[in-house]
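Engineer:
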Amino acid sequence: MDERSVDTAGPREERADTATEVFLAHRNLLFTVAYEMLGSAADAEDVLQETWLRWVGVDLDGVRDRRAYLVRITTRQALIRLRALRRRRESYVGSWLPEPLLTTPDVAEDVELADSVSMAMLLVLETLTPTERAVFVLREVFDLDYDEIAGAVDKSPAAVRQIAHRARAHVAARRPRGTVSAEQTRGALEAFQRAVETGDLQSLLDILAPDVVLVGDGGGVKQAVLRPIVGADKVARLLTAGLPRVPDGASLHPAHVNGHPALILRVHGEVDTVVAVRVDDGLVTGLYAVRNPEKLSHVERETVVSR
């Protein structure tokens, strides 16, 4: 065997091992960045694959901050994919909702992280431009400095400051009303589940806020409301009218979805619908029912999100 090939293979393998270790150490963070930018776990996984392919070609000796470098690659790849997704979502059948994630209960302990991955917040982020979304997520959720963000979005630090200010104001005007404890949400969710299971219209009206919004996402594959339903009376009557059509073998179970208590409807053991719930002041203010089968694979196993 040629000694030269042995000598060069060793360092190359070591570099590959180091690159792998660094990537795996930050993988959950990178997934969370991509998911918050895209609202799609499947697309976030694809972004991680693209990030890895670029990362293994980097000369690590020249990288001062490996975490920041990985976040920059991930952000750039997510921006490319987000712009393509925006065009696809314009032709989406009915309302579009983020892909739900089954998360560990301890995510709720990090209030800011749980809020940032909630269905309600991800829908607010959808109203931002791709660059605004990237800047907001990196600054407000992951606390990157403006210089780091500038490198990720190809803008000057001064421009990033302006974008961050604009995005922050936009989100503040549209974000959920405030932080709600997990205990409050869990209590309201239990009352909501009892009301749904019993079909008690008055009990439903008692737990729903007057301006509650129900959004359904069937993706044109499963039946779902095509437009948001607003108002306690309309939502309660829709839910009670739909109960007789629930097939035998259906069961409703509490779970943690996107950092908050939620309900999962299974039919003969298979996930049929994920209902994420927004609670404010002890009342249900938002119901987000995802039925599109293509979006339900990440509620079969827990996904770790981190920052």
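Numbering (the UniProt record's numbering), first residue to last: 1 to 307. From the three backbone atoms N, C-alpha and C, an ideal C-beta is built for every residue, glycine too.
1) So, helix, strand or coil for R266, using DSSP?
2) On the premise that V305 lies in contact with V107, defined as a C-beta separation below 8 Å, what is that separation, rounded to the nearest angstrom?
3) Relative to the alpha-carbon of A232, which residue among D248, V153 and S203 has its alpha-carbon at the smallest distance?
4) Is the beta carbon of V212 closer than 8 Å to that of T273?
5) In three-state DSSP terms, what is E14?
6) Considering D217, what are the terminal residues of the beta strand (DSSP E) in which it resides?
7) At which residue ranges does the region 115-140 contain complete alpha helix (DSSP H) runs of 4 or more residues, listed in the order of the chain?
8) Which one or two residues does DSSP pair with V257 in a beta bridge?
9) Are T51 and L70 close, meaning C-beta to C-beta below 8 Å?
10) G220 to V93, Cα distance in whole Å?
11) Only counting the same chain, and skipping five residues up and downstream in sequence, which positions put a Cβ closer than 6 Å to that of H268?
12) Hey, could you find the ends of the alpha helix (DSSP H) L239 is sitting in?
13) Please classify K234 as buried or exposed, where buried requires at least 16 neighbouring CB atoms within 10 angstroms.
14) What does the alpha-carbon distance come out to for the pair P247 and E197?
15) Sort out for me which residues DSSP pairs A44 with in a bridge.
16) What are the start and end residues of the beta strand (DSSP E) that includes V290?
17) Does DSSP put A167 in a helix, a strand or coil?
18) From R291 to G187, what distance separates their C-alpha atoms?
19) Take every Cβ of the region 256-271, pair it with every Cβ of the region 89-105, and state whether three or more of those distances are shorter than 8 Å.
20) Would you say E45 and V117 are within 8 Å of each other, going by their C-beta atoms?
Structural biologist: Here's the rundown:
1) In this structure, R266 counts as strand in the three-state DSSP scheme.
2) By a beta-carbon distance limit of 8 Å, V107 contacts V305. Their separation comes to about 6 Å.
3) Nearest of D248, V153 and S203 to A232, Cα basis: S203.
4) No, these two residues do not count as a Cβ contact at 8 Å.
5) Note: E14 maps to helix in three-state DSSP.
6) Looking at the DSSP string, the run of the beta strand (DSSP E) that includes D217 is L208 to D217.
7) As far as the region 115-140 is concerned, its whole alpha helix (DSSP H) runs of at least 4 residues are 119-125 and 130-136.
8) Paired residues: L102 and H260.
9) It is a contact, given that the beta carbons lie within the stated cut-off.
10) In this model, G220 and V93 are separated by some 5 Å (Cα to Cα).
11) Closer than 6 Å at the Cβ level, and outside the excluded window around H268, lie G249.
12) It spans A232 to G242 - the alpha helix (DSSP H) in which L239 sits, taken as one unbroken run.
13) Classification for K234: exposed.
14) About 13 Å.
15) According to DSSP, A44 shares a beta bridge with no other residue.
16) Where V290 is concerned, the enclosing beta strand (DSSP E) stretches over L283 to V290.
17) Helix, per DSSP.
18) The alpha-carbon of R291 is positioned some 24 Å away from that of G187.
19) Taking 8 Å as the limit for Cβ pairs, the verdict is that the region 89-105 does touch the region 256-271.
20) No.
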